[in-house]
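Asks: Quick note on numbering: UniProt numbering labels position 67 of the sequence shown as 67, and the sequence is numbered without any gaps.
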Amino acid sequence: MRTDVDSLLERSGKIPAWLDLPDPKGFRPKRKYRTIWISDVHLGTRGCNAAMLVDFLRSVECQTLYLVGDIVDGWRLRKGWYWPDAHNEVIRRILKMAHRGTRVVFIAGNHDEMLRDYAGLTFGGVELVLEAVHETLDGRRLLVTHGDAFDGVVLYHKWLAFLGDKAYGMLLRANIAFNAVRRRLKMPYWSLSAYMKKKVKNAVQYVCSYEEAVASEAINRGFDGVVCGHIHCAEIRQFGGITYYNDGDWVESCTALAESLSGEIAIIDWVAEAGGHDQAAPVAVPAGAAAPAESTARVGA
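1. Tell me, to the nearest whole angstrom, how far the beta carbon of D82 is from that of W37; I am working on the premise that it is less than 8 Å.
2. Would you grab the beta carbon distance between A234 and D247 for me? Rounded to a whole angstrom, and I think it's under 8 Å.
3. Could you check what DSSP says for Y156 in three-state terms: helix, strand or coil?
4. Could you have a look at residue 304 and say whether DSSP puts it in helix, strand or coil?
5. Please tell me whether D148 and G109 are closer than 8 Å, where the distance is taken between their beta carbons.
6. Return the chain-ordered list of same chain residues with a C-beta closer than 8 Å to the C-beta of I176, the five sequence neighbours on each side being excluded.
7. Short of 7 Å in beta carbon distance, which residues of its chain neighbour E131, apart from the five on each side in sequence? Order them along the chain.
8. I'd like the list of long-range same chain contacts for R237, defined as Cβ closer than 7 Å, with 5 residues on each side in sequence excluded.
9. Where does L19 fall in DSSP's three states?
10. Would the beta-carbon of A256 fall within 8 Å of that of I268?
11. Thinking C-beta only, is E264 closer than 8 Å to Y33?
12. Could you give the first and the last residue of the continuous beta strand (DSSP E) run that contains R237?
13. Would you decide whether D73 is buried or exposed? Buried here means 16 or more other CB atoms lie within 10 Å of its CB.
14. Just reading off the alpha helix (DSSP H) that F223 is part of, what are its end residues?
15. Considering only the beta carbon of each residue, do G229 and V105 sit closer than 8 Å?
16. Name the residue from L77, L43, R93 and I71 whose alpha carbon lies nearest to the alpha carbon of L21.
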């Protein structure tokens with residue numbers, strides 16, 4: 001359902017001028033995909049790798065873009081406002097894609113749960129929904145959901161989720177300082193928080209339990225697979241005849257999930273493709289350099 005704002009803008013012709021501005025000429029041809037999924041951007045937090053996401057979005061074209069929740073971090077913004085221009089640029093880039101014909105579907109997550117009350121509306125060409133069904137080129141039906149509904153901590157112990165979010169925020173702040181030192185030493189971006197999560201046994205068990213719960217829901221509802229986010233752990237796995245896909249995040253691993261024009265679905269690791277540099281240290285890839293292939297392997301949790 002379209003909003004009155006969308007209709008008024010169309011009738012008055014008051015479309016922001018920047019939507020029609022041409023993109024700066026790049027040295028890499030844009031990669032074309034049928035579908036792209038991204039989630040857990042956490043705009044409004046210092047841990048968000050917004051400039052890397054903008055670089056990624058400028059490098060691709062797709063027929064459908066799914067924003068699989070936690071794009072904006074309402075939990076953190078309630079505690080204090082943090083919104084640098086790089087975060088505005090992410091929003092501008094997404095709206096530009098919608099304006100130029102990409103279907104953009106926003107599945108609200110738990111950190112941007114304030115948007116769930118507006119499910120069914122369209123804002124600036126972006127469809128806001130609670131979940132979606134995607135049909136792949138080969139006819140498989142995939143449930144697309146943020147995934148917090150399958151997280152027992154978020155579902156039944158929200159106070160514990162907020163406490164964990166605070167501890168996680170401290171770890172991400174340490175990650176920022178850690179990578180600032182690495183930049184001075186001319187070393188590439190590396191996620192301390194992702195490494196710590198992989199080393200904590202309980203975190204590994206939590207990830208496995210979460211994946212099984214999401215896959216079980218897809219099986220029970222008759223889907224061929226499920227695409228989710230929430231746990232910041234990019235993954236493609238088989239569970240009892242269905243395929244579990246997680247598109248990762250743009251705080252730690254900087255990953256996306258993409259369906260090619262020929263129907264293959266793979267994980268894109270943008271840290272690896274951008275040379276391992278974070279938003280504070282962008283790196284130019286020489287013209288004509290071969291781009292690394294997408295990975296279907298697990299990316300850091």
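Beta carbons are placed, not taken as given, at the ideal position from N, Cα and C, and that holds for glycine. It should be emphasised that the depicted structure is a prediction, and the values quoted were computed from it without experimental measurement.
Replies: Answer, in terms of the structure:
1. Note that residue 82 is Tyr in the sequence shown, not Asp. Actually they do not touch by this definition, with Cβ atoms about 26 Å apart.
2. 6 Å
3. Residue confidence is low: Y156 scores 39 on pLDDT, short of 50, so the model does not pin down where it sits. Its coordinate-derived value is still stated next. DSSP places Y156 in helix when its eight states are reduced to three.
4. The chain is shown only over 1 to 301; residue 304 falls outside these bounds and no answer can be derived.
5. yes
6. Exclusion of the five residues before and after I176 leaves R46 and G47 as the residues of its chain whose Cβ lies within less than 8 Å of its Cβ.
7. Correct list, in chain order: I107, L143, V144 and T145.
8. E211 and Y244
9. Of the three classes helix, strand and coil, the one that applies to L19 here is helix, per DSSP.
10. yes
11. No Cβ-Cβ contact shorter than 8 Å links Y33 with E264.
12. E235 to F239
13. buried
14. Taken as a continuous stretch (DSSP letters only), F223 belongs to no alpha helix (DSSP H), as it is neither H nor E.
15. no
16. Ranked by how close their Cα comes to the Cα of L21, the residues L77, L43, R93 and I71 have R93 in first place.
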